[in-house]
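Residue numbering for the sequence shown follows numbering that gives the first Met the number 0, beginning at 0 and increasing consecutively. C-beta atoms are modelled at their ideal positions from N, C-alpha and C, and glycine is treated no differently.
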Amino acid sequence: MRERSSNGRSSAQKWVRFQPRSGEPPAMIIVCFPPAGGGGGSFAKLRDVAAANAECVTVELPGRMSRLAEPPVQSMSALADHVAQSVLEAVEPRGIPYSFLGLCLGAVMAYETAVRVEAAGGNGLRSIVAAGSNAPQKGPPSVDDPIDFLRRMGSPEDVFASPALLEMTLDILRSDLHLFHSYTCSGRRLKTPVSILYGRDDTLVDRTAIAPWKDLATSISVDELPGGHFFLDQNYDRLLCRLHGDLLDTPR
Numbered sequence: 000m001r002e003r004s005s006n007g008r009s010s011a012q013k014w015v016r017f018q019p020r021s022g023e024p025p026a027m028i029i030v031c032f033p034p035a036g037g038g039g040g041s042f043a044k045l046r047d048v049a050a051a052n053a054e055c056v057t058v059e060l061p062g063r064m065s066r067l068a069e070p071p072v073q074s075m076s077a078l079a080d081h082v083a084q085s086v087l088e089a090v091e092p093r094g095i096p097y098s099f100l101g102l103c104l105g106a107v108m109a110y111e112t113a114v115r116v117e118a119a120g121g122n123g124l125r126s127i128v129a130a131g132s133n134a135p136q137k138g139p140p141s142v143d144d145p146i147d148f149l150r151r152m153g154s155p156e157d158v159f160a161s162p163a164l165l166e167m168t169l170d171i172l173r174s175d176l177h178l179f180h181s182y183t184c185s186g187r188r189l190k191t192p193v194s195i196l197y198g199r200d201d202t203l204v205d206r207t208a209i210a211p212w213k214d215l216a217t218s219i220s221v222d223e224l225p226g227g228h229f230f231l232d233q234n235y236d237r238l239l240c241r242l243h244g245d246l247l248d249t250p251r
């Protein structure tokens, strides 16, 4: 019997959160991995823009959103194991092609999850989009001042206006940074194509630290788009065109 959590959701649904959807089945599913200090709300706009043709599901991590009371995961390996198992149980059986989208440090989560999905024989994964992220081998950006880091990321002013919200966000950010500072890249070369996207005005991404992504996949593309760290907010149409192109280009 599939394990269930205290709120009635299966263990898989704890890690990969689906939103209610009506109408025809989507052409594709986008599994969204949150940025440092963030959660599923980072993808609210994408969910609205993509609703006609794609279903966005979010990776929900312990220590935030509906799992706020749970202790954060201490190991990237354990996190990727959980998310990969959830993808294989909750996404793969639907028979709909899917892509991974990782923002910032979420791109590293997406990579390590893809390593495990491929190793387990999952065949629905069509592409990975790593947005605003250094290559996994290079580690996270240096953070001397967490509040300044949040501002440079483009966090909304509401976060800074509320001391309680700011402290909660900082706690999540510290937990995420600990996770990544203790992480060693698995180095596995993916068969799934990887698209690297970054913002022209993003001060958190080191252009030289993007290049090593090429060692982690057999097919890599790199594109600069207008905007800062959260450049996707103004480029979702381009992103969806890219994902639909990947869907057509990689039949299984």
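Pairing Trp-212 with Ile-219, the inter-Cα distance amounts to about 8 Å. Across the structure, Pro-192 and Arg-125 are spaced so that their CA atoms are roughly 7 Å apart. Excluding residues up to 5 positions away in sequence, Asn-52 lie with their Cβ nearer than 6 Å to the Cβ of Ala-26 in the same chain. Ranked by how close their Cα comes to the Cα of Ser-21, the residues Val-48, Glu-54, Glu-69, Leu-45 have Glu-54 in first place.
Across the structure, Gly-120 and Asp-175 are spaced so that their CA atoms are roughly 29 Å apart. Nearest C-alpha to Pro-71 among Gln-84, Ile-209, Asp-47, Gly-36: Gly-36. Note on the region 41–98: whole alpha helix (DSSP H) runs with a minimum of 4 residues are 43–49, 75–85, in chain order. CA-to-CA, the gap between Asp-214 and Asn-234 works out to about 27 Å. Val-15 carries a strand assignment under DSSP once its states are collapsed to helix, strand and coil. Ranked by how close their Cα comes to the Cα of Leu-224, the residues Val-114, Arg-199, Pro-33 have Arg-199 in first place. Under the three-state reduction of DSSP, Ser-126 is assigned to strand.
Contact between the region 89–102 and the region 200–209 is not established, with fewer than three Cβ pairs separated by less than 8 Å. Pro-96 and Ala-50 have their C-alpha atoms roughly 16 Å apart. For Glu-166, the enclosing alpha helix (DSSP H) stretches over residues 162–180.
Per the coordinates, the alpha-carbon of Tyr-182 lies some 32 Å from the alpha-carbon of Gly-94.
The beta-carbon separation of Ala-106 and Ala-129, rounded to 4 Å, stays under the 8 Å limit for a contact. Assignment of beta-bridge partners to Ser-194 by DSSP yields Val-128, Ser-220. About 5 Å separates the CB atoms of Val-116 and Ala-83; that is less than 8 Å, so the two are in contact.
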